[in-house]
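Just so you know, the sequence shown maps onto residues 1 to 278 in the UniProt record's numbering. Here's the structure, in structure tokens; my notes come after.
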Amino acid sequence: MKNRLLRDMILILVGSFLFATGVNAFIISANLGEGGVTGVSLILLYAFDISPAWSTFILNAILIAAGYKFLSKRSTIYTIIAVIAISVFLGLTGSWVVHTNEILINTIFGGFMVGLGIGLIVLSGGTTAGTTILARIAHKYLDVNTSYALLFFDLIVVMFSLTVMPLEKALLTVISLYVGTKVMDFVIEGLNPKKAVTIISQNPDQIAKMIDEQIGRGCTILNGRGYYSKKDTDVLYVVIAKTQLSRTKRMIRKFDENAFVVVHDVRDVLGNGFLVDD
């Protein structure tokens, strides 16, 4: 638990720093917009010169108070920490500016850093509040991909950004949001990959015991029947981390060199020792 907590805190702080740096150094320096509460904060910045550090904190605090019941206790605590960290880093990196002769550089790298930051925070179990809370609610109750739900809500904010920026900048903001969404999607789903392994062997009990004791994962034994041989056989099914795959295959060959092994990509795994969706 202590290691998990330390990991989560590091992810939140690093993610918050990357998020704030992306907004200040790339997005604001090119007078681009952003989605969610940050996008609203940028509208207030361009229209009334209100610091995003303060407006982001106040708006997110309101949304957390209104939507905390849709998050778990852990997610709520992590979200509060992330909101405070983002506001602090927005203030500390306010003078960081990256000027380029090509606005697409700001667009792409701004979206990359913002998406990476949000992805790390969501990976820890928290959110950046704002429309991320709405996206998490949509994912929880409508089974909608978190990243794309967030993009939908962010696009609504971009429409309002047209009141303070030209259409060209708004369209570039959409590109930035899309880049951020793809990066966030990769971080959330790609950095925590799982593999499903189906095994047909003459020594199913030995292999199942090996996977349970040495890999640390339980197996499900399914009843199968060979079409050609007409013989009944046991089929093992197990979900493991990608980093455990090579070792698992080596140990399977140790017990049965003729075992038939099929490896499948897994998008989401919930429960039974794996990350539980909040």
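The beta carbon of each residue, even a glycine, is placed where N, CA and C say it ideally should be. A quick note: this is a predicted structure, and the numbers were derived from the prediction, not measured.
**OP:** Determine, using beta carbons only, whether Ile199 and Ala259 come nearer to each other than 8 Å.
**Re:** yes
Original post:
Should Arg136 go down as buried or exposed, given a rule of 16 or more other Cβ atoms within 10 Å for buried?
Top reply: buried
Original post:
What residues in its chain sit with their C-beta under 6 Å from that of Ile121, if we drop five residues either side in the sequence?
Top reply: Ile12, Gly15, Ala82, Thr128
Original post:
Looking only at its own chain, which residues have a Cβ that is under 6 Å from the Cβ of Leu275, when we skip the five neighbours before and after it?
Top reply: Since pLDDT at Leu275 reaches only 49, below the 50 mark, its modelled position is unreliable, and no value is offered.
Subject >> Identified DSSP bridge partners for Asp154 >> reply: Its beta-bridge partners do not exist; DSSP assigns none.
**OP:** For His264, count neighbouring Cβ atoms within 10 angstroms of its own Cβ and tell me buried if that reaches 16, exposed if not.
**Re:** exposed
Subject >> Chain-order list of residues whose beta-carbon lies under 7 Å from that of Ala85 (same chain, five-residue window excluded) >> reply: Ile12, Leu13, Ser16
**OP:** Please list, in chain order, all residues of the same chain as Leu90 whose beta carbon is under 7 Å from its beta carbon, the five residues on each side excluded.
**Re:** Ala20, Val23, Asn24, Pro52, Ala53, Thr56
Original post:
Quick one, which of Val158, Val266, Gly180 has its alpha-carbon nearest Phe112's?
Top reply: Gly180
Subject >> CA nearest to the CA of Arg247, picked from Asp185, Gln214, Leu92 >> reply: Arg247 has its Cα closest to that of Gln214, out of Asp185, Gln214, Leu92.
**OP:** Return yes when the Cβ of Val88 is within less than 8 Å of the Cβ of Phe26, no when it is not.
**Re:** no
Original post:
Quick one: Cα of Leu59 to Cα of Thr243, how far?
Top reply: 41 Å
Subject >> Where the beta strand (DSSP E) containing Ala241 begins and where it ends >> reply: For Ala241, the enclosing beta strand (DSSP E) begins and ends at 232-241.
Original post:
Hey, out of Ser124, Tyr227, Val144, Gly115, whose CA is closest to Thr38's CA?
Top reply: Gly115
Original post:
Would the beta-carbon of Gly33 fall within 8 Å of that of Thr173?
Top reply: yes
Subject >> Limits of the unbroken beta strand (DSSP E) element including Asp265 >> reply: 260-266
Original post:
Lys209 and Ala241: beta carbons closer than 8 Å?
Top reply: no
Original post:
Ordered along the chain, which non-local residues of its own chain (more than five positions away) have a Cβ less than 8 Å from that of residue 283?
Top reply: Any answer about residue 283 is impossible in this case: the structure gives the chain only from 1 up to 278.
Original post:
Since Asn223 sits in a beta bridge, which residues does DSSP pair it with?
Top reply: Its beta-bridge partners are Asp234.
**OP:** Assuming Met184 and Ile105 form a contact by the criterion Cβ under 8 Å, report the distance between their Cβ atoms to the nearest whole angstrom.
**Re:** Met184 to Ile105, Cβ: 20 Å. No contact.
**OP:** Just tell me which of Gly226, Lys231, Asp205, Asp232 has its CA closest to the CA of Cys219.
**Re:** When each option's Cα is compared against that of Cys219, the closest is Asp205.
**OP:** Could you tell me the boundaries of the alpha helix (DSSP H) in which Thr131 lies?
**Re:** 131-142
Subject >> Length of the line joining the Cα atoms of Leu63 and Leu92 >> reply: Using only the alpha carbons, I get a separation of about 23 Å.
Original post:
From Tyr141 to Gly226, what distance separates their C-alpha atoms?
Top reply: 41 Å
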